[in-house]
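Down below is the structure, laid out as structure tokens.
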Amino acid sequence: MGSDSGTNLDRLREELRGPVLAPGEPGYDEARSIYNAMIDRRPAAIARCADVADVRAVLAFAQDAGIELAVRGGGHSGPGLCLIDDGLTLDLSLMGGVRVDPGAGTAQVGGGAELGSIDHAAHTFGLGMPSGIMSTTGVGGLTLGGGHGHLTRKYGLTIDSLLSADVVLADGAFVTASQDDHPDLFWALRGGGGNFGVVTSFTFRLHEVEDVGVGLTVWPIDRIQEVLRWYREFLPSAPEDLNGFFAVLTVPPGPPFPEPIHGQKMCAVVWCYTGDLAEGRLEAVLAVANDPAPPAFHFAAPMPYPALQGMFDEQIPKGLHWYWRGAFFDAISDAAIDVHERYGGALPTELSTMHLYPVDGAAHRVGADDTAWAYRDAMWSGVVAGIDTDPAGADLIRQWCVDYSTDLHPHSMGGSYVNFLGSKEGPERVQSTYRGNYDRLASVKRTYDPENFFRANQNIPPAAG
Ligand SMILES: Cc1cc2nc3c(=O)[nH]c(=O)nc-3n(C[C@H](O)[C@H](O)[C@H](O)COP(=O)(O)OP(=O)(O)OC[C@H]3O[C@@H](n4cnc5c(N)ncnc54)[C@H](O)[C@@H]3O)c2cc1C
């Protein structure tokens, strides 16, 4: 920001209701720490916006100062897209309120909210929203990328429940995008990431969700061939009330797992059942888990939906070191199973994992060009995540992740869920994420952000004029 940056920031501070944090000031280091501890960047300032007026002031300030801007929702992006060295972070974390209208069955959600805030606010009315599998993930980044989780097969992607979004554009204009107003922008926001503006508020349709049946089945990793061959047939033909994401993992050293399997490499399915929870029903539905091979551990119980959403929060808290890569799959081929067997048996750390999230069911009932999310024909969205508590393991988890995802690539559909793209994967990977929707996205970008002001993201440059 140049030598007069102190004066500049003072001007910004005068305009904002929220605080502006600069290097060396109390709160700065906490504000620049994000979920993935592998990201260690030092922005010139972090502006915590309290309202839309603050957002507009920060955008105007960044434009005037010619400083690069990043937007922070929940700070969960793997490559740390919400922080740029020497840039300005527009931090939405103070704008995390949720207002549920139980009569209308909708929720208005601040652009900096965490998923758990929606789950909590909606649950008291017997309502819930399809989102991700961890309550600490930001609604902003997750929704703008698409959003999949335990309720995807039943209620679709998060974007399929989005009714409208309040957006501050690069030129400071404030618009509400919906099916009727700014429909092109609304289309692009549903999967196109943070390329088009700052979303200050989302309005979602909620769904009837109270208690859900939760299950976890784990099998020894040396049974992965039988388990995956069974899973690839069973899950797509199962009722949409049943979701089950597949994982390779190391069994954590504590309850509910019996001691003899602590620390063992396993494969697993995490179940979520939104059907009838009458006595014995969940157990009956999940009895199929015995089919491929005898489980090493099996658990099933009804629980409130927010409890399921928070189930992994303690196990993988903020502050771990992450490196991830994603891919879409329309099938799980025999050759892909061989790859999963090879790398699942060689997990580099106790927390490293691979997940296959189902994206079929209700998500398939939306057309490939109805929203920017271009993989309505994918059956699974996969992610390989190297995770470690120790920064010294960075090379190890990175190499395992790159090798695993490179070997899987020929058995994938080519692109990846935009929210599972890593850093510096290159423009071709962004294009392959959007397939036939890419050109329209670039053209919407030209209309709404012709100077590519919002480029701290998986960037879609404006189409040439
Ligand atoms: C532990 C973990 C679990 C996850 N599980 C799931 C899952 O189950 N399902 C799933 O779909 N994804 C999942 N993800 C991926 C997640 O969707 C992405 O990391 C997403 O980018 C997180 O959004 P955020 O707002 O927290 O991130 P941030 O780092 O704050 O932002 C990410 C990107 O979104 C932009 N952005 C964020 N908010 C706004 C806004 N309001 N307006 C404009 N731009 C904005 C930012 O500029 C940035 O480019 C998971 C991630 C982690 C780390």
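So in the UniProt record's numbering, the last spot in the sequence shown is 465, and the numbers never skip.
In this text, a Cβ means the ideal position worked out from N, Cα and C, and glycines have one as well.
Residue i, DSSP secondary structure in three states
i	result
K265	strand
G141	helix
F186	helix
E451	coil
C82	coil
Y273	strand
W373	coil
G344	helix
V209	coil
D407	helix
H150	coil
D54	helix
A301	strand
S3	Note that S3 has pLDDT 46, beneath the 50 cutoff, so the model's placement of it is unreliable and no number is given.
Contacts around residue i, its chain only, beta-carbon distance under 6 Å, and the 5 residues preceding and following it disregarded
i	result
V418	G145, G193, T433, Q458
G414	S432
S3	Low confidence applies to S3: its pLDDT is 46, below 50, so where it sits in the model is not reliable enough to give any reading.
V270	L216, F245
Y343	Y404
L242	Y273
Distance cut-off 6 Å: residue i Cβ against heavy atoms of ligand 1
i	result
V109	no
Y35	yes
T152	no
M134	yes
N419	yes
H148	yes
H76	yes
W142	The question names Trp, but residue 142 in the sequence shown is Leu. Within the cutoff, so yes.
V402	no
V430	no
C49	no
L457	With the sequence shown as reference, residue 457 is identified as Asn, and Leu is not the correct amino acid for it. Answer for N457: yes, Cβ within range of ligand 1.
R72	yes
V212	no
G66	no
C82	yes
Own chain residues within Cβ distance below 8 Å of residue i, not counting five before or after
i	result
E341	I221, I224, Q225
Neighbourhood of residue i by C-beta distance below 7 Å, restricted to the same chain and skipping five residues each side
i	result
A384	In the sequence under discussion, the amino acid at residue 384 is Val, which differs from the Ala named in the question. W324, R325, M354, C401, Y404, S405, listed in sequence order.
L94	G18, R48, C49, A50, G112
D360	R153, P236, M379
E15	A57
F299	G215, L216, P256
Assumed close pair residue i, residue j - CB separation to whole angstroms, cut-off 8 Å
i	j	result
V73	V139	According to the sequence provided, residue 73 is Gly. The question's Val does not apply to it. That belief holds up - the Cβ atoms of G73 and V139 are roughly 7 Å apart, short of 8 Å.
V71	C82	6 Å
H321	G422	The Cβ separation is near 13 Å, so there is no contact.
A268	A247	5 Å
residue 528	L157	Since the first residue of the chain shown is 1 and the last is 465, residue 528 is not available in this structure.
G382	A327	5 Å
> Using 8 Å as the threshold, is the stretch 201 to 219 in touch with the stretch 159 to 168, meaning 3 or more CB pairs across them?
Replying inline: Contact holds: three or more Cβ-Cβ distances are below 8 Å.
> Per the contact definition of three or more C-beta pairs closer than 8 Å, is the stretch 343 to 361 in contact with the stretch 171 to 179?
Replying inline: Touching, no.
> Per the contact definition of three or more C-beta pairs closer than 8 Å, is the stretch 246 to 258 in contact with the stretch 364 to 377?
Replying inline: The stretch 364 to 377 vs the stretch 246 to 258: no contact.
> Between the stretch 121 to 135 and the stretch 298 to 316, do at least 3 Cβ pairs fall closer than 8 Å?
Replying inline: Enough Cβ pairs lie closer than 8 Å, so yes.
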